[in-house]
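So the structure is just underneath, and the comments pick up after that.
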Amino acid sequence: MVMKTLGLEPVTVGVKCRGGFQAKLLGTLFFSLTLVGLFPVVLAAQASSPTGQAPAQGVVYGGGFQTPLLFKGESVPPNEVSLGVGVRGFYDDNVLANNSNRVGDEAVAFTPELTFARHTDRFSTSFDYTPFFILYRQVDGLDRVNHAADLNASYQLSRRIILGVDETFSYQNGNYPALSEAPLMSGLAPATFPALQVLAYTTRDLSNAAGLNLTFVKSGRTRVTLQGGENLTKYGNQVAGQPLYNGNGFNGSLTYEYHMTAHTSVGMYLVYQDTTYRGGQVFGYRQRSQVESAYLSAGTRFSPSVSVTVFGGPQYIGTVGQASTPATVSTHFQGSGGGSISKSVRNTALIVTFQRSVTGSGGLYTSVINTNADVGVRRRLGGKFESTLHVGVAREDASLFKLANGKTDGVYAGINISRPLSHGSVFQVSYDSWHQLSSGTLPIIGNFDRNQVAVGIQYRLKAHPLAR
C-alpha cells in the first residue's frame with residue numbers, strides 16, 4: 026500500500042475491501058435521499074424571495090455578472106426551483122495528476138443538483154449547487170463529497186441604484202469539469218478572478234471568490250460600479266517536498282461605462298488587488314503581492330449575432346517576501362490586455378477569448394504573468410443531441426521574480442454531448458484532457474497528462490415554477 030498525502034487526511038492508493046466500498050455507497054445514497062427530503066423546505070424558503078430584475082450585462086470589460094453562452098432566441102433559466110440527481114460511470118487515467126506515479130482508476134459518480142432562478146422587475150438571482158460524490162474502485166482517500174456552487178443576485182434599491190452579490194465556491198479533490206457542470210460563459214472573466222487554467226497535482230483544495238457591488242445608473246448612457254471582494258484558495262495535506270501556495274486576498278474596483286450608441290460602449294476599469302501567499306518553496310514561505318491595474322475597454326455589437334470586446338492597460342505590481350530579496354519590496358510594470366468575440370445563431374454559439382495579465386495562480390506559484398486563449402462552442406445537432414466543445418492554451422510565467430523564473434505551459438480540451446430523454450432525464454457523455462509541462466525553478470510536480478471520460482444520466486426529480 027502506498028500512502029499519499031492528499032486531502033485533509035492521508036490517502037491510500039490500493040485495492041479496497043468490498044465491505045468498505047459498499048458502506049460508502051450506502052452512505053452516498055443516504056445523503057442523496059436526505060437532499061431530496063429537504064427539497065420542500067428549500068422550496069418554501071426560496072419561494073418567499075423578494076421580486077425584481079437584474080440589469081443587462083454590459084459589453085465593456087469589468088466586474089459584474091458573467092452570463093452563460095446562449096443560442097439566438099434562447100432565454101435565461103425560467104423562474105423555478107428544481108432538484109435533480111444523476112449517476113455516471115467515470116474513468117480517470119491519472120487520478121493523482123502525477124506522471125511519475127501514474128495511477129488510473131474507474132469510479133461511479135453521483136451528482137445531485139439543486140438550482141434556483143428568479144427574475145422579476147427589481148430582483149434577479151440564480152443559484153446552482155452540485156454536491157457530487159466519486160467512489161473509486163481502487164484509490165482510497167478520494168471517496169468524499171465534492172462541492173461546487175455558484176450564486177449571482179442583484180436588487181434594484183431605487184431607480185438609479187442597484188446592489189449585487191456574486192460568489193463561486195469549490196471544495197473538491199482536484200478537477201472534474203464533467204461533473205461540476207460549469208457552463209460556457211459569454212465573456213471575459215473579471216481581473217479579480219484567479220487564473221485556474223494551470224493545475225497542481227491532486228489534493229483536497231478549497232476555493233472561494235465572493236464579491237459585493239453597487240451600481241449607480243447616472244443616465245441611460247452612463248453607469249458607475251463600485252466593487253469589493255475576497256478570494257481564498259487553500260490546499261489540504263500535500264506531497265512531502267512538493268508544497269503548494271495557499272492564497273488569501275481582497276480586491277476593490279471601479280468600473281465606468283458609457284454607451285456611445287445603441288450598439289457600442291466604452292469604459293474604464295480600475296482594480297486594486299492585495300494577496301498574501303503562504304507555503305510553497307520557490308518564493309519563500311510567505312509573499313505578499315499588490316497589483317494595481319488600469320484598463321480601457323470598448324465593446325460593440327456588429328450585428329444581432331456578433332459581439333466584440335477589447336481591453337488593455339498597464340499593471341503595477343509590488344511584491345514583498347520573494348526568495349531573492351526577502352526583506353525588500355520589488356516593483357514592476359507590466360502591460361496587459363485581451364479581448365473576446367462571440368457569435369450566436371439559432372443552432373450554434375461561439376466564444377473566443379484571449380487574456381494576458383498578472384494574476385494569482387493555482388498553487389504552483391504566487392502571482393504570475395498569465396497568458397491564455399480559449400475557444401468554446403455550443404452546437405445543436407440532429408436528433409435532439411447538443412454538443413459543447415472547449416479548447417484552450419495557457420502559460421503561467423514567474424519571470425517577475427529574477428531568481429525564480431519558472432513557467433508552466435498547459436493545453437486543455439473537453440467535449441460534452443447530451444440528449445434529453447423522457448420524463449426530464451438527460452443522457453450525457455463527456456471527455457476532458459489536460460497536458461502540462463513546466464521548466465525553470467520549480468521543485469513541484471508540474472508535469473502531467475490526464476484524461477477523463479464520463480457517461481451517465483441526469484434526472485430532474487422535482488421542479489416547481491415561481492411566479493414573477
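Numbered according to this note's numbering, the sequence shown spans residues 26 to 493. We put the beta carbon where it would ideally sit given N, CA and C, even for glycine.
- Exclusion of the five residues before and after Val377 leaves Ile366 and Val400 as the residues of its chain whose Cβ lies within less than 6 Å of its Cβ.
- Annotation: the continuous alpha helix (DSSP H) that includes Leu204 extends over Pro202 to Ser205.
- In terms of CA proximity to Val383, Gln298 leads the group Val370, Val101 and Gln298.
- Glu421 is positioned such that its CB atom lies no closer than 7 Å to that of Val402.
- For Gln263, no beta strand (DSSP E) segment is defined, and its DSSP state is neither H nor E.
- Remark: C-beta atoms of His288 and Arg326 approach each other more closely than 7 Å.
- The stretch 275-316 contains, as complete beta strand (DSSP E) runs of 3+ residues, the segments 289-304 (chain order).
- Contact check for Ala225 against Leu269 passes: the beta carbons are separated by less than 7 Å.
- By the CB criterion at 7 Å, Leu239 and Leu251 fall inside the cutoff.
- Looking at the DSSP output, Gly109 bridges to Glu138 and Arg485.
- Residue environment analysis places Ile186 among the exposed positions, since fewer than 16 neighbouring C-beta atoms fall within 10 angstroms of its C-beta.
- The continuous beta strand (DSSP E) containing Phe158 extends over residues Phe148 to Tyr161.
- Within a 10 Å sphere around the beta-carbon of Leu406 sit fewer than 16 other beta-carbons, which makes this residue exposed.
- His448 is bridged by DSSP to nothing; it lacks a bridge partner.
- Within the same chain, and ignoring the five residues on either side of Ser107 in sequence, the residues whose Cβ sits closer than 7 Å to its Cβ are Thr140, Arg485, Lys487 and Ala488.
- Here Gly465 is near Gly431, since their CB atoms are less than 7 Å apart.
- Nearest neighbour of Glu282 by Cα position, chosen from Gly292, Gln315, Gly274 and Gly199, turns out to be Gly292.
- Buried is the label assigned to Ser314, since at least 16 other Cβ atoms lie within 10 Å of its Cβ.
- Rounded to the nearest whole angstrom, the C-alpha separation of Gly435 and Gln477 is 16 Å.
- In the three-state DSSP reduction, Asn123 falls in the coil class, being neither helix nor strand.
- Asn198 is positioned such that its CB atom lies closer than 7 Å to that of Arg229.
- Separation of Val345 and Ala203 (C-alpha to C-alpha, rounded to the nearest whole angstrom) is 38 Å.
- Contact between Val370 and Lys97 is confirmed by a C-beta separation of about 5 Å, below the 8 Å threshold.
- Between Thr413 and Asn441, the gap from beta carbon to beta carbon is short of 7 Å.
- A Cβ-Cβ distance of about 19 Å is found for the pair Ser278 and Thr258, leaving them out of contact under the 8 Å criterion.
- Annotation: the continuous beta strand (DSSP E) that includes Ala398 extends over Ser392 to Arg405.
- Excluding its 5 nearest sequence neighbours in each direction, Ser458 has C-beta neighbours in its own chain below 6 Å: Ala438 and Asn476, listed in chain order.
- In terms of Cβ geometry, Glu131 and Tyr116 form a close pair [threshold 7 Å].
- Bridge partners of Gly362 according to DSSP: Gly337 and Arg381.
- Less than 7 Å divides the Cβ of Gln461 from the Cβ of Phe473.
- Close CB contacts of Val454 within its chain, under the 6 Å cut and outside five residues either way in sequence, are with Ile442 and Val480 (chain order).
- Under the criterion of beta carbons closer than 8 Å, Tyr320 and Tyr341 do not qualify as touching, at roughly 13 Å.
- Under the three-state reduction of DSSP output, Lys368 falls in the strand class.
- Shortest Cα-Cα distance from Pro137 to any of Asn104, Gly129, Pro103 and His172 involves His172.
- In this structure, Thr227 is the residue among Thr227, Gly254 and Arg246 with its C-alpha nearest to the C-alpha of Val264.
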